[in-house]
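Right, one structure below, let's go through it.
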Amino acid sequence: MSIDFYSVESCIQHFFDTSTTVTRAECDMKAASLVGGSVTPVPIQGVWSYTVTGGPDQADIVQFRAERSKLDMANMRIAELVHTKDVPRCKYYGQIGSQNPLSIYVMEKRDGVCYIQTRDTSWEGKAEFEMRQFRTVGDLARFFAAAWRGAQEVSPSTVNNLHKEFESDLNRLFQRLPDRFSKTLNLVRQNLPRIFTLPSVITHGDLNETNILVDNAGHISGVIDWAESNIYPFGMSLWALENLLGYMDSNGWHYYGNAQELRDEFWRIFETDIGGIQEDVKVNIRFARMTGLFLRYGFHQDGAVRGKVRDTDVALRYADAFCTEGI
């Protein structure tokens with residue numbers, strides 16, 4: 192996502208044109224009735240939701256989500272318990288509209304802005320940005336460590352069904368992605384059982400740069416938009432780290448000059464926070480990470496559903512950056 196060409200009004204208009212028969216005015220009135228005062232759209236909107244602030248000092252968030260992107264409140268409760276400092280408290284307030292209704296949620300507003308708004312690759316801002324990056328990456332490591340420590344119990348049948356789902360998705364990618372992905376993808380397919388030896392954890396399915404909030408110092412102040420959350424083997428959303436280590440432009444993916452230092456810092460903090468980790472477990476995490484990368488960047492995303500396999504060079508830019516050099 193390029194923040195330079197983002198129009199919040201166009202995004203809001205597109206949501207109401209394509210996702211619901213409810214009007215923006217109806218949503219604003221409902222939000223005001225729930226939290227009081229006037230309401231203001233947040234500066235970056237989701238594809239499948241409309242979000243406003245309101246209440247005293249604009250301290251509350253009211254969000255209206257399309258049917259395809261509802262929050263699983265059971266998963267939200269798990270996320271709130273596991274990530275006590277990072278996940279805003281959220282309450283469900285039913286639906287609005289009879290056709291293509293929207294689900295309504297009220298949550299606490301966190302300070303800070305989306306990580307994508309803090310990027311500064313200019314020469315003048317480079318030093319300050321790099322200091323903020325280390326804080327962001329460190330907090331992301333603690334976020335993943337909290338997930339590891341907050342492992343969830345899952346039934347054997349759930350594990351079996353998830354294995355079949357991933358296997359089917361990876362096979363579909365193997366059949367349809369260009370040959371340049373085959374070597375790495377085949378490694379992932381062959382080693383898929385290994386990732387199910389890892390802890391089952393609450394996993395944010397869309398942990399991108401717009402869903403990580405950071406403060407002025409670069410510390411993570413909130414992780415939002417849990418619509419695609421699931422209980423998955425640890426490491427499936429580690430692609431989020433890659434997103435913090437560089438940026439995409441019209442020429443492709445570019446890692447920052449200090450990307451390896453940031454990566455080393457992430458794993459140092461993660462391992463310290465969980466009390467150490469064995470080498471064979473590290474290998475299993477690498478396979479889980481690559482599985483997540485292929486599922487994230489091999490398919491078009493359609494809300495919480497994996498859609499068609501990406502089939503153009505433009506659509507596969509992230510996959511080319513992350514999924515062709517082995518695990």
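Take any residue in the sequence shown, note its place counting from 1, add 191, and you have its number in our numbering.
Yeah, the Cβ is synthetic: ideal placement off N, Cα and C, and Gly gets one too.
Who are residue i's beta bridge partners in DSSP?
{"i": "Pro279", "result": "DSSP output for Pro279 lists no bridge partner at all."}
{"i": "Trp444", "result": "Met439"}
{"i": "Asp464", "result": "Beta-bridge pairing links Asp464 to no other residue."}
{"i": "Arg301", "result": "In DSSP, Arg301 forms no bridge with anything."}
{"i": "Ser420", "result": "Partner(s): none; Ser420 has no beta bridge."}
{"i": "Arg508", "result": "Arg508 is not bridged to any residue."}
Could you tell me whether the Cβ atoms of residue i and residue j are closer together than 8 Å?
{"i": "Asn475", "j": "Ile386", "result": "yes"}
{"i": "Leu389", "j": "Pro347", "result": "no"}
{"i": "Arg326", "j": "Ala408", "result": "yes"}
{"i": "Cys514", "j": "Leu486", "result": "no"}
{"i": "Arg367", "j": "Asp502", "result": "yes"}
{"i": "Leu432", "j": "Leu331", "result": "yes"}
{"i": "Thr309", "j": "Val199", "result": "no"}
{"i": "Ile203", "j": "Pro232", "result": "yes"}
{"i": "Thr401", "j": "Gly288", "result": "no"}
{"i": "Arg333", "j": "Asp464", "result": "yes"}
Measure from the alpha carbon of residue i to the alpha carbon of each residue in the options, then state which is nearest.
{"i": "Ala336", "options": "Val379, Thr375 and Ile393", "result": "Ile393"}
{"i": "Asp277", "options": "Val297, Gln286, Ala265 and Gly303", "result": "Gly303"}
{"i": "Leu262", "options": "Phe334, Gly285 and Asp251", "result": "Gly285"}
{"i": "Ile518", "options": "Asp440, Lys374, Val243 and Gln469", "result": "Lys374"}
{"i": "Ile415", "options": "Asn266, Glu452 and Thr231", "result": "Asn266"}
{"i": "Asp251", "options": "Gly227, Arg459, Ile269 and Trp239", "result": "Gly227"}
{"i": "Cys218", "options": "Glu200, Cys202, Gln254 and Trp239", "result": "Gln254"}
{"i": "Ser428", "options": "Thr349, Ala450 and Arg480", "result": "Arg480"}
{"i": "Gly489", "options": "Ile235, Arg323, Leu353 and Asp511", "result": "Asp511"}
{"i": "Lys355", "options": "Leu383, Gly498, Asn377 and Val328", "result": "Leu383"}
Tell me which residue opens and which closes the beta strand (DSSP E) that residue i is part of.
{"i": "Arg340", "result": "No beta strand (DSSP E) holds Arg340; the alpha helix (DSSP H) holding it covers Lys317 to Arg340."}
{"i": "Arg256", "result": "Asp251 to Arg256"}
{"i": "Val405", "result": "Ile403 to Val405"}
{"i": "Ile518", "result": "Element bounds for Ile518: n/a, residue is neither H nor E."}
{"i": "Thr394", "result": "Ser391 to Thr394"}
{"i": "Val414", "result": "Ile411 to Val414"}
Could you spell out the range, first to last residue, of the alpha helix (DSSP H) harbouring residue i?
{"i": "Pro347", "result": "Pro347 to Arg367"}
{"i": "Met220", "result": "Arg215 to Val226"}
{"i": "Leu429", "result": "No alpha helix (DSSP H) contains Leu429, which DSSP labels as neither H nor E."}
{"i": "Ile476", "result": "Glu470 to Tyr488"}
{"i": "Val199", "result": "Val199 to Ser210"}
Does chain C have any CB closer than 8 Å to the CB of residue i?
{"i": "Thr388", "result": "Of the chains in the structure shown, none is chain C; there is only one protein chain."}
I'd like to confirm something about residue i: is its beta-carbon nearer than 7 Å to some heavy atom of the ligand ZN, or not?
{"i": "Asp248", "result": "Annotation note on the ligand ZN: not contained in the displayed structure, which lists no ligands."}
With three or more C-beta pairs closer than 8 Å as the rule, is the region 289–297 touching the region 212–229? With a cut-off of 8 Å, the region 289–297 and the region 212–229 count as touching, because enough Cβ pairs lie within range.
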